[in-house]
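Let me begin by presenting the structure, written as structure tokens, before commenting on it.
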Amino acid sequence: MVTKRLAVAVALTAALATACGSGGSGGSAASAPASSAAAPSAAEKVELTYWNWVPNMDKIVEVWNQAHPDIHVTSSKQAGGDDAAAKFLTAAKAGNPPDLVQAEYQMLPSFVAAEAVADLTPSAGGLKSQFGDGLWSLVTLGTDALYGVPQDSGPMMLYYRADLFKKYGVDVPTTWDEFAAAARTIHKADPKSYLTNFSSKDPGWFAGLSQQAGASWWGINGDAWKVAVNDDPTKKVADFWGGLVKEGVISTTASFTPEWNKALADGKLLAWTSAIWAPGVLSSNAPKTAGKWEIAALPQWNAGENASGFWGGSAVAVSAASKHQDAAVKFLTWLNTDPAATKLLVDQGAIYPAATAAQGALSTAPEFFSNLPDFWQKAASFGAGARGFTFGPDVNVTYNAYKDAMDKAVAAKSSFSDAVTSMQDATVADMQKAGFTLAQ
Amino acid sequence: MTTQRDRSRIQEALTVGRSRHAAEAPRRPLGLAPTGLLILGAIYCLLPVSWVLVSATKSPGELFTLSTFQPGTGLFSNLESLNAYRGGVFWLWMLNTLIYAGGGALLSTLVSAVSGFALAKYRFPGRNLIFNILIGGILVPAVVLAIPQYLLFSKLGLADTYWAVLLPQILHPYSIYLARIYAAAAIPDSLLEAGRIDGATEFRLLRRVALPLMIPGMVTIFLFQFVAIWNNFLLPFIMLGDDHKFPLTVGLYTLLAAGANQPSLYNLIITGALLSIIPLIALFLTMQRYWRTDLSSGAVK
Chain P
207 MVTKRLAVAV ALTAALATAC GSGGSGGSAA SAPASSAAAP SAAEKVELTY WNWVPNMDKI
267 VEVWNQAHPD IHVTSSKQAG GDDAAAKFLT AAKAGNPPDL VQAEYQMLPS FVAAEAVADL
327 TPSAGGLKSQ FGDGLWSLVT LGTDALYGVP QDSGPMMLYY RADLFKKYGV DVPTTWDEFA
387 AAARTIHKAD PKSYLTNFSS KDPGWFAGLS QQAGASWWGI NGDAWKVAVN DDPTKKVADF
447 WGGLVKEGVI STTASFTPEW NKALADGKLL AWTSAIWAPG VLSSNAPKTA GKWEIAALPQ
507 WNAGENASGF WGGSAVAVSA ASKHQDAAVK FLTWLNTDPA ATKLLVDQGA IYPAATAAQG
567 ALSTAPEFFS NLPDFWQKAA SFGAGARGFT FGPDVNVTYN AYKDAMDKAV AAKSSFSDAV
627 TSMQDATVAD MQKAGFTLAQ
Chain X
785 MTTQRDRSRI QEALTVGRSR HAAEAPRRPL GLAPTGLLIL GAIYCLLPVS WVLVSATKSP
845 GELFTLSTFQ PGTGLFSNLE SLNAYRGGVF WLWMLNTLIY AGGGALLSTL VSAVSGFALA
905 KYRFPGRNLI FNILIGGILV PAVVLAIPQY LLFSKLGLAD TYWAVLLPQI LHPYSIYLAR
965 IYAAAAIPDS LLEAGRIDGA TEFRLLRRVA LPLMIPGMVT IFLFQFVAIW NNFLLPFIML
1025 GDDHKFPLTV GLYTLLAAGA NQPSLYNLII TGALLSIIPL IALFLTMQRY WRTDLSSGAV
1085 K
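Listed in order, the protein sequences are those of chains P and X.
In terms of our numbering, the first sequence opens at residue 207 and continues consecutively.
In terms of our numbering, the second sequence opens at residue 785 and continues consecutively.
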């Protein structure tokens, strides 16, 4: 509700700002291009504000502030997700955004389209070698510009209850066909148990699974956007899950709901195709199942491959309106690449770092997975084949269309690929309305 | 004990009153339907509250495993972790909410009472126009105004300050409307005339005659506004960037929407929600008696 209202409000605001701007009002100091802003003198203390929702970020920032008396960063913890993006866009329109902002990868293009974030190529372009190619393309959007520096990442894999798999005599599925067979076996053995659930509330999860299958929902071609939410790999993924839902062999409880938490805690859901950050969620929602889970690569579409997708993760971007962009880049470079800082991010912030070196430095397995001492090594090998795709400027529209269409498809047990087509239609319609050029 | 004696005397008086009342009034049907309806309403209102109460006692492990209304064992550990969360930021949010709700409701009540009195008791050009605009203002939900207000406050450089949340809530059309209606009914014109003949200034009339008569109405406005601001989410959500200025609603929301890859801190949220309704309940229980005076003073007339 709030999200939708905000989204409308943001759209209105955009119209309003354009209208006011053309009127040539006097108080437009904040919208002046940042390049013209005077660089602060060396003696001057720079104050930076940083909106994010990383746990304990205030403590991490404190470490930076101790070491850098000339650049003081204030971390402000926001509500995460779509609301945070809408709030940042509104603040940017109003001319008083924070200097630094946490931007989920799928939201970054909307920031770019609103010209709310700065191009960091000159000051941070050199960081490219410290991140994987898949992640780097998420912050360049496949262009020559750089709109943020990756902070955390979410390569996907399969989490499963090893004890219950053994009980039902099910092997860990390596292909999606085996996955479907396992779903049937388990549901047949215990009609109250399911292998996993299809979540019509988690478009990010579905996007990750589509990435694994090789989907590419958006692309930038010169000045035009190419939109293909209903490409063949996506339809394949949709129909696979649609088939399982129709058969009734998987649960349709949405993830992250109390019912879902209960099913996990009670051992009625045996597996979760999730991302590397799942241990935090599982340990919070089903703490008593600690030590019973194991991990495997996502089931594959073609046996023997090692493909995966990304679910979640975010970058740190610098506001286009920030008067201290150089100082901001200094801070975010430290935060996301300095070994001491990434260690803090992992220990205090409980994130999976985006920097390649920081990923390699992970040693102690999460407490929830104390049964898997080599959790991080395994996870890194499963995630190595993760491919991302370029996100578009109106991901929120596509994601809302997913929720609407999939909700209906699940309830009616109708075709999931039709639902995907309605996602495509909604996305295209919105982009046309917003004035984007679309390549046909 | 005197209090005891007083209480029994009151009880006696009440029973006497009731029996006399019963004797005089013709026997009425028991009213099963209305009573049943009210009980249903009470259950409807109290069920969620009792859910919060019970859930706040569950530890993280129990929250999703115990059945809904079975109390858990984690109340004190929940309170402890809420108290420890980010160095006790919850209490700062609680204080902020008190400032926003208390300050905002107080200012709003004063502004409403004065404007309502003026609109009810003075004839001046444009009075109807102002009143009609206010009536129109009632029809505009505050939610719609939040974004324009944010843009205006940004221009003024007041966004992300305490004023950004306080000021927009002071002028509340419905409260002014309520104050006008109340002033028109509660303050007899003859009383004001008498005051004027005795040489009282208009300000003195307002302070000594009008406002005391309007107290029950003002209490109502204060409570309405207090609860509205206490529960307000969108305005502070948009206005405030600094999490040390957040009220409880926005603060607790940061725990709920912790981002896709962080678990929501359900236990802390539920415990926080429980603590955040306690001041509201306390306020209603203490303010209730002013409403009773209102009823009785009406009866005297």
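Using N, Cα and C, we set each Cβ at its ideal position, and we do this for glycine too.
Starting from the beta carbon of residue i, find every residue of chain X whose beta carbon is closer than 7 Å, and list them in chain order.
| i | result |
| --- | --- |
| S282/P | G1025, D1026 and D1027 |
| P464/P | F848 |
| T296/P | I931, Y934 and I1022 |
| D553/P | Per Cβ cutoff of 7 Å: no residues; D553/P is ~15 Å from chain X at best. |
| T548/P | What T548/P touches in chain X: nothing, since even the nearest Cβ is about 16 Å away. |
List the residues of chain P whose Cβ lies closer than 9 Å to the Cβ of residue i, in chain order.
| i | result |
| --- | --- |
| G845/X | A471, A492, P493 and K494 |
Which first and last residues belong to the beta strand (DSSP E) in which residue i is found?
| i | result |
| --- | --- |
| A163/P | An answer regarding residue 163/P cannot be provided, because it is not within the stretch 207 to 646 covered by chain P. |
| G360/P | V355 to R367 |
| K452/P | It is not in any beta strand (DSSP E) - K452/P instead sits in the alpha helix (DSSP H) that spans D438 to E453. |
| G888/X | Note, G888/X: premise wrong, no beta strand (DSSP E); alpha helix (DSSP H) at G888 to K905. |
| Y256/P | V252 to N258 |
| A502/P | W499 to A502 |
How would you label residue i, buried or exposed, when you count the other beta carbons within 10 angstroms and need 16 or more for buried?
| i | result |
| --- | --- |
| L551/P | buried |
| N862/X | buried |
| I266/P | buried |
| K394/P | exposed |
| P356/P | buried |
| P397/P | exposed |
| D305/P | buried |
| D288/P | buried |
| V924/X | exposed |
| A563/P | exposed |
Check the Cβ of residue i against every Cβ in chain X and list those closer than 9 Å, keeping chain order.
| i | result |
| --- | --- |
| D636/P | Within 9 Å Cβ-Cβ: nothing; D636/P doesn't reach chain X, min ~20 Å. |
| N302/P | S938, G941, A943, D944 and G1025 |
| T627/P | The premise fails here: T627/P is roughly 25 Å from chain X at the closest Cβ pair, so nothing lies under 9 Å. |
| D289/P | F1021, Y1037 and A1041 |
| K498/P | Here the premise fails: no neighbours, minimum Cβ distance about 14 Å. |
| K293/P | F1021, I1022 and G1025 |
| T459/P | None at all; the shortest Cβ gap to chain X is about 12 Å. |
| T380/P | Chain X residues near T380/P: none, gap ~26 Å exceeds 9 Å. |
Quick one: list the residues of chain X neighbouring residue i, beta-carbon separation under 8 Å, in chain order.
| i | result |
| --- | --- |
| K468/P | F848 and T849 |
Would you identify the three-state DSSP class for residue i, choosing helix, strand or coil?
| i | result |
| --- | --- |
| I277/P | strand |
| I971/X | coil |
| Q1072/X | helix |
| N491/P | helix |
| S621/P | coil |
| G348/P | coil |
| G414/P | helix |
| T643/P | coil |
| E268/P | helix |
| V323/P | strand |
| V307/P | strand |
| Y400/P | strand |
| P932/X | helix |
| A426/P | In the sequence as presented, Ala is not what sits at residue 426/P; that position holds Ile. If DSSP states are grouped into helix, strand and coil, I426/P belongs with the strands. |
| E511/P | coil |
| T633/P | helix |
| P379/P | coil |
| S938/X | helix |
I'd like to confirm something about residue i: is its beta-carbon nearer than 6 Å to some heavy atom of the ligand FAD, or not?
| i | result |
| --- | --- |
| A513/P | Ligands displayed in this structure: none; no statement on the ligand FAD is therefore possible. |
So which residues of chain P does residue i contact, with C-beta pairs closer than 8 Å?
| i | result |
| --- | --- |
| T1038/X | W259, K283, Q284, A285 and G286 |
The alpha helix (DSSP H) spanning residue i covers which residue range?
| i | result |
| --- | --- |
| S335/P | Premise fails: S335/P is in no alpha helix (DSSP H) and is neither H nor E. |
| S480/P | Unbroken run through S480/P is the beta strand (DSSP E), A477 to A481; no alpha helix (DSSP H). |
| W1090/X | The question about residue 1090/X has no answer here: the residues shown for chain X are numbered 785 through 1085. |
| W875/X | V873 to L882 |
| I999/X | L995 to N1015 |
| I919/X | R911 to L923 |
Quiz item: Are the region 574 to 591 of chain P and the region 511 to 526 of chain P in contact at 8 Å, needing three or more beta carbon pairs?
Solution: As far as the Cβ criterion goes, the region 574 to 591 of chain P touches the region 511 to 526 of chain P, which means the pair count is three or higher.
Quiz item: Is the region 1025 to 1045 of chain X in contact with the region 927 to 940 of chain X, if contact means three or more CB pairs nearer than 8 Å?
Solution: Flag = no, the region 1025 to 1045 of chain X and the region 927 to 940 of chain X do not touch.
Exercise. Evaluate the contact criterion for the region 414 to 427 of chain P versus the region 363 to 379 of chain P: three or more CB pairs, one atom per stretch, below 8 Å.
Key: no
Quiz item: Does the region 325 to 338 of chain P come close enough to the region 1053 to 1060 of chain X to have 3 or more Cβ pairs within less than 8 Å?
Solution: no
Quiz prompt | Given 8 Å, three or more beta-carbon pairs between the region 811 to 828 of chain X and the region 617 to 636 of chain P | solution = no
Quiz item: How do the region 370 to 388 of chain P and the region 538 to 547 of chain P stand: do at least 3 beta-carbon pairs fall below 8 Å, yes or no?
Solution: no
Quiz item: Are the region 267 to 280 of chain P and the region 485 to 503 of chain P touching by the rule of at least three beta carbon pairs closer than 8 Å?
Solution: Short answer: they don't touch.
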